[in-house]
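Colleague: Have a look at this one.
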Amino acid sequence: MKSRTFWNRSGLILVAFFVFVAIFADLIAPHSPWERFEPYTKPSTKHWLGTNDIGNDILSELIHGSRASLIVGVGASAIATLLGLFIGLISGYFKGFADELLMGVTDIFLMIPRIPLLIILAAFLKSSFWIIMLALGLLWWTSTARVVRSRTLQVREMDFVTSSKCLGFKNRHIILSDILPNIFPVALPKFMLTVATAMISEASLSFLGLGDPSMKSWGLMINFAFIKGGLINEMWWWYLPPGICIVLFVFSIVLLGFSFEEEKKVAIK
Amino acid sequence: MAISKKKILRYLLALFIIFSLNFIIPRIMPGDPLTNLLGEEFSLSEAALQELRSELGLDSPLMLQYIKYWKNIFLFDLGYSYHFNQKVIPLITGRMKWTLVLLLPSIIFGAILGTILGALSGWKKNALPNKTITWTFLTIYSSPPYFLGIILLYIFSFKWGLFPFKGFYETGTLSDIIQHLFLPVLIMSAFSASRNYMIMRGSVLIEKEKLYVVYARAKGLYKEAILFRHIFKNAILPVLTLVALDFGFLFSGALFVEIVFSMNGMGTLIYEALLSRDYPVLQGCFLIITLMVIGANLFSDVLNGIIDPRVRERQ
């Protein structure tokens, strides 16, 4: 009991911290991420994390990077969760043919190697930030749909749903006001975990140089540090901070997601 | 046969749709379909281009192109890479074996490590070592694999000089290959284990509340015997399914680890193909990876049928 609230709280504090930084990046960052100083400087009082190959202040890049990563993660996950909710609800509520069809589609999507497909799409589409977000969202809904479906299958057999049906409410009404509220406890952790996966995927694509150069994300920073000699020249202050930020941010979201999931299990028991 | 016809049909359908998607993508993307099909790095005269265009059937109706596309696939022909000056299929299969050398041991180590530690941790949730392990695996779970790669490469190879920091050589001796593979396999195993660990832990947490566990305890079995002889069998089923579904995910992870360690596998192939926008290679890799993912799923279905008597009897 105690450990659960601890997990929950530390996850929440970390997420809140990152969201705060992302929103107020302009005020917090000491410089603009595009402003140029002397390149390849070591950390100093002037530039806490030094400067990169073209002289941008790394700390400012880092602070602004939270914004890109956050938008990609939350945006993609919002698309994925909405899609997953829609497909899961329809499939679980109507069963029969609709279920067969939608779950068949889900199974197929589940088998697409997503990162390789994203690599191809991003290679063709000359990497736009928003397209990456959209593509992530359109590919990552499958597990949400499955979870929502199985929960819907349970909820639809409950007494209050039956009574709604007897009272003659329309299907749409039952799905939206009776079933949907009962889906949230399973959809929320899925949403969180999808944010985490989307952020890692974006960081991975950016690492391959497929990120949007006009939107500096943490993955893009690591990519530049890797290809512009940051690793070989032992400039750890260049590639380590963005990596740690990714891990920490994803970690806090996963923590929150898992603690929700565990709460749910306890509640069901 | 331990697998139903319906399942096989579904896999075939998935294969068909993903391969068709692969046909559509270069044709609907912005830019000249010829470039999209050949890659951006070739220099040919205008006449030769025209000839290629008709040879590839780009001036014929889409339906004919589509039929030809499938014909080529059945002839194991995925086109030609102008960047590497080689046919795509031998190019990929030559690199693929090195990726599998990295991936397969990692999947096996990851499965063993993840399930055993996960089972122990689910059994005694609040023990201090288990908590530490959970936090460690959560951290690994949250990291992009290439970042772990960069850190270990920095510490072990740059700082301590324990391991080589580049590639591995096809002519090398066994010990040489192992030395080159150690860090990448370590990372991928940890990565794979972290995912199995989470599922196994959750699975045991649920299973240990069930009545057969109470019964086994009432019979007077030791706790560890209950865990490994009774709970383990039931709890491992979700992990088996996950290992198959995760295959594609881990494969992608391996691609990135390869890039960090400059290994001679599919990851670096994709990376090089990306830099020169060599689309045939990218698409070929996508198709081959798809085939392997579907194969892994098929394998896990068959395995599930063999291991789980409930599934076996249903069919």
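Line order of the protein sequences matches chains H and D. Plus 1 on top of the position in the first sequence (first one is 1) and you've got the numbering used here. Plus 889 on top of the position in the second sequence (first one is 1) and you've got the numbering used here. Each residue gets a CB set at the ideal place from its N, CA and C atoms; glycine is no exception.
For chain H, check one thing: does any of its Cβ atoms lie closer than 8 Å to the Cβ of D/Ile1183?
Modeller: With 8 Å as the cut-off, D/Ile1183 counts as an interface residue toward chain H.
Colleague: Along chain H, which residues have their Cβ under 7 Å away from the Cβ of D/Arg1166?
Modeller: Near D/Arg1166 (Cβ distances below 7 Å), the residues of chain H are Ala124.
Colleague: What is the DSSP secondary structure of D/Lys960, reduced to helix, strand or coil?
Modeller: Looking at D/Lys960 - three-state DSSP - the assignment turns out to be helix.
Colleague: Check whether the Cβ atoms of D/Gly1077 and D/Ala1143 sit closer than 8 Å, and answer yes or no.
Modeller: In the sequence as presented, Gly is not what sits at residue 1077 of chain D; that position holds Met. Taking 8 Å as the Cβ cut-off, D/Met1077 and D/Ala1143 qualify as a contacting pair.
Colleague: Taking only runs that begin and end inside the stretch 963-1020 of chain D, name each unbroken beta strand (DSSP E) of 3 or more residues, in chain order.
Modeller: As far as the stretch 963-1020 of chain D is concerned, it has no whole beta strand (DSSP E) run of at least 3 residues.
Colleague: Note down, in chain order, every chain D residue with its Cβ under 7 Å from the Cβ of H/Leu111.
Modeller: Here the neighbours are Leu1134.
Colleague: Do H/Met216 and H/Phe125 count as a contact pair if the criterion is CB distance below 8 Å?
Modeller: In this structure, H/Met216 does not lie closer than 8 Å to H/Phe125 by Cβ.
Colleague: So which of D/Ser1031, D/Leu989, D/Leu902 and D/Lys1097 has the shortest CA-CA distance to D/Gly1154?
Modeller: When only C-alpha atoms are compared, the closest one is D/Leu989.
Colleague: To the nearest angstrom, how far is it from the Cα of H/Ile72 to the Cα of D/Pro994?
Modeller: For H/Ile72 and D/Pro994, the distance between alpha carbons rounds to 36 Å.
Colleague: Count the other CB atoms within 10 Å of the CB of D/Ser1083; is the residue buried (16 or more) or exposed (fewer)?
Modeller: Per the 10 Å Cβ criterion, buried.
Colleague: Using the C-alpha atoms, what's the distance from D/Ala1185 back to D/Val1074?
Modeller: Using only the alpha carbons, I get a separation of about 20 Å.
Colleague: Please list the partners that D/Ile914 has in chain H, where partner means a Cβ-to-Cβ separation under 8 Å.
Modeller: Near D/Ile914 (Cβ distances below 8 Å), the residues of chain H are Ile121, Leu122 and Phe125.
Colleague: Taking the Cβ atom as the reference point for each residue, do H/Val162 and H/Ile175 lie within a distance shorter than 8 Å?
Modeller: Cβ atoms of H/Val162 and H/Ile175: closer than 8 Å.
Colleague: Based on Cα-Cα distance, which residue from H/Pro114, H/Phe95, H/Ile88 and H/Leu63 lies nearest to H/Ile245?
Modeller: Nearest option by C-alpha distance: H/Leu63.
Colleague: Quick one: any contact between the stretch 219-239 of chain H and the stretch 897-917 of chain D, if contact means 3 or more CB pairs under 8 Å?
Modeller: Output reads no: the stretch 897-917 of chain D does not touch the stretch 219-239 of chain H.
Colleague: In chain H, which residues lie less than 8 Å from D/Gln1172 when you measure between Cβ atoms?
Modeller: What D/Gln1172 touches in chain H: Ile121.
Colleague: Could you compute how far the alpha carbon of D/Leu1158 sits from the alpha carbon of D/Leu951?
Modeller: One C-alpha to the other measures close to 30 Å.
Colleague: Since D/Leu1176 contacts D/Phe908 with CB under 8 Å, what's their CB separation in whole angstroms?
Modeller: About 7 Å separates the two Cβ atoms, so the contact holds.
Colleague: For D/Asp1065, does the count of other Cβ atoms within 10 angstroms reach 16, so buried, or fall short, so exposed?
Modeller: D/Asp1065 should be labelled exposed.
Colleague: In this structure, what does DSSP give as the bridge partners for H/Asp58?
Modeller: In DSSP, H/Asp58 forms a bridge with H/Thr52.
Colleague: Compare the C-beta of H/Gly97 with all C-beta atoms of chain D and state if any pair is closer than 8 Å.
Modeller: Not closer than 8 Å to any Cβ of chain D, the Cβ of H/Gly97 fails to qualify, so no.
Colleague: I'd like to know if the stretch 1082-1099 of chain D and the stretch 1033-1052 of chain D are in contact, where contact means that at least 3 CB-CB pairs between them fall below 8 Å.
Modeller: Contact fails: fewer than three Cβ-Cβ distances are below 8 Å.
Colleague: Using C-beta distances below 6 Å, list every residue in its chain close to H/Met2, excluding the 5 sequence neighbours before and after it, in chain order.
Modeller: Low confidence applies to H/Met2: its pLDDT is 42, below 50, so where it sits in the model is not reliable, and the reading given next is rough at best. Within the same chain, H/Met2 has no close Cβ partners at all.
Colleague: Taking its Cβ as the centre, do 16 or more other Cβ atoms sit within 10 Å of H/Phe250, making it buried, or is it exposed?
Modeller: Counting Cβ neighbours within 10 Å, H/Phe250 comes out buried, since at least 16 surround it.
Colleague: Against chain D, with Cβ distances strictly below 8 Å, would H/Cys242 count as a contact?
Modeller: One point to set straight first is that residue 242 of chain H is Pro, not Cys, in the sequence displayed. So, not an interface residue.
Colleague: Give every residue of the same chain whose Cβ lies closer than 6 Å to the Cβ of H/Ala77, excluding the five residues on either side of it in the sequence, and list them in chain order.
Modeller: Hits under 6 Å: Met134, Leu137, Gly138 and Ala199.
Colleague: Please list the terminal residues of the continuous alpha helix (DSSP H) segment that includes D/Ile1095.
Modeller: Note, D/Ile1095: alpha helix (DSSP H), Leu1063 to Glu1096.
Colleague: In chain order, what residues of the same chain have a beta carbon less than 7 Å from the beta carbon of H/Ala81, not counting five sequence neighbours either side?
Modeller: For H/Ala81, where only same-chain residues beyond five positions count, the Cβ hits under 7 Å are Gly138, Trp141, Trp142, Thr145 and Thr195.
Colleague: Cβ closer than 8 Å: which chain D residues qualify as neighbours of H/Asp108?
Modeller: In chain order: Arg899 and Ala903.
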